[in-house]
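K.L.:
Let me give you the structure first, and then I'll get to my questions.
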Ligand code: PEP
């Protein structure tokens, strides 16, 4: 049985005060469960969040990680730096990074490997744009995005990674994939991995992301190949985020 994971991506939102109140409210609402829960906070709040979450079931993640280990890379944050703040996860290849900051399949593969070299679990985001979906390119886009990492890091690396399917047209738009649309892609991804290594495919957590809300989470999470969610906007409200977490049980 795969453990379910619910991951919040705060993006560039919040403040020191909001980090404290949100972490405290989430922790207060957690009950014992097999579902993993993580918040990916802005870099500058990792230190505060690490203190607030220490010893609690709420795990911590970053929203990105450098594609190099150290050196003259102004503005970047390395995996070893993240490690100093109890970061268990790092998102890599989020569509906002790919679209606005030039992250390529190759640099995403490097970020993925940098995270893993420091024992950080990468949450590898993949997904097609609306135009690509309408041109029947969904599976070829997913293939390209996954193959870049598979070729660089190998299938075995996915024993310690999470994949998030995030159709770009559903992110922050209020328009979510239907349960069946999401399941179709999740199944495709799992079968792709199964063709290389059945055991790794069976245990790989594949999250869905794209306008997940308390009222649509249950249906999505009930699908056989959906193992939880990567939650943007709805993770900024503790009550809503906790409802999504409950829906995953
Ligand atoms: C995301 O940014 O990963 C995301 C899924 O955002 P939202 O839930 O707001 O669509």
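Residue numbers (my numbering): 10 to 258.
Glycine residues also receive a C-beta, built at the ideal position from the N, C-alpha and C atoms.
1) Within its chain, find whatever has a CB closer than 6 Å to the CB of residue 173; leave out the 5 residues flanking it on each side and keep chain order.
2) Which residues does DSSP list as the beta-bridge partners of residue 98?
3) Would you kindly work out how many angstroms separate the C-alpha atoms of residue 96 and residue 28, rounded to a whole number?
4) Buried or exposed: residue 41, going by 16 or more other Cβ atoms within 10 Å of its Cβ?
5) Considering only heavy atoms of ligand 1, does any lie closer than 6 Å to the CB of residue 22?
6) State yes or no: is the C-beta of residue 94 within less than 7 Å of the C-beta of residue 124?
7) For ligand 1, is there any heavy atom lying closer than 6 Å to the beta carbon of residue 240?
8) Could you check if residue 220 belongs to the surroundings of ligand 1, using beta carbon to heavy atom distance under 6 Å?
9) From the DSSP secondary-structure annotation, give me the bridge partner or partners of residue 214.
10) Report the three-state DSSP secondary structure of residue 23 (helix, strand or coil).
11) Which residue from 244, 254 and 255 puts its Cα closest to that of residue 19?
12) Is the beta carbon of residue 17 closer than 7 Å to that of residue 202?
13) Could one say the Cβ of residue 210 lies closer than 7 Å to chain C's Cβ atoms, at least one of them?
14) The alpha helix (DSSP H) with residue 75 in it runs from where to where?
15) Among residues of its own chain, excluding the 5 on either side of residue 257, which ones have a beta-carbon nearer than 6 Å to its beta-carbon?
P.N.:
By the coordinates alone:
1) Translated into positions along the chain shown, residue 173 becomes position 164. Answer for residue 173: 132, 134, 216, 218 and 239, listed in chain order.
2) Residue 98 sits at position 89 when you count from the first residue of the chain shown. In DSSP, residue 98 forms a bridge with 70 and 130.
3) Residue 96 sits at position 87 when you count from the first residue of the chain shown. Residue 28 sits at position 19 when you count from the first residue of the chain shown. Taking the straight line joining both Cα atoms gives about 15 Å.
4) Locating residue 41 in the chain shown gives position 32, counting from the first residue. Exposed.
5) Taking the first residue of the chain shown as 1, we reach residue 22 at position 13. Result no, Cβ not under 6 Å from ligand 1.
6) The count along the chain shown starts at 1 and reaches residue 94 at position 85. The count along the chain shown starts at 1 and reaches residue 124 at position 115. The answer is no: Cβ separation not under 7 Å.
7) Walking along the chain shown from the start, residue 240 turns up at place 231. Yes; taking the cut-off as 6 Å, the Cβ of residue 240 has a heavy atom of ligand 1 nearer than that.
8) The sequence position of residue 220 within the chain shown is 211, counting from 1. Yes.
9) By one-based count along the chain shown, residue 214 stands at place 205. BP columns for residue 214 point to 171.
10) As a first step, residue 23 must be located in the chain shown, where it is residue number 14. It is coil, neither helix nor strand.
11) The residue given as residue 19 occupies position 10 in the chain shown. Considering only alpha carbons, the answer is 244.
12) For the purposes of this step, residue 202 is taken as the residue at position 193 of the chain shown. For the purposes of this step, residue 17 is taken as the residue at position 8 of the chain shown. Taking 7 Å as the Cβ cut-off, residue 202 and residue 17 do not qualify as a contacting pair.
13) Any reference to chain C falls outside this structure, which holds one protein chain only.
14) Residue mapping note: residue 75 aligns to position 66 of the chain shown, counting from 1. Careful: residue 75 lies outside any alpha helix (DSSP H) and carries neither H nor E.
15) Along the chain shown, one-based indexing puts residue 257 at 248. Excluding sequence neighbours, residue 257 sits near 13, 15, 44, 230 and 237.
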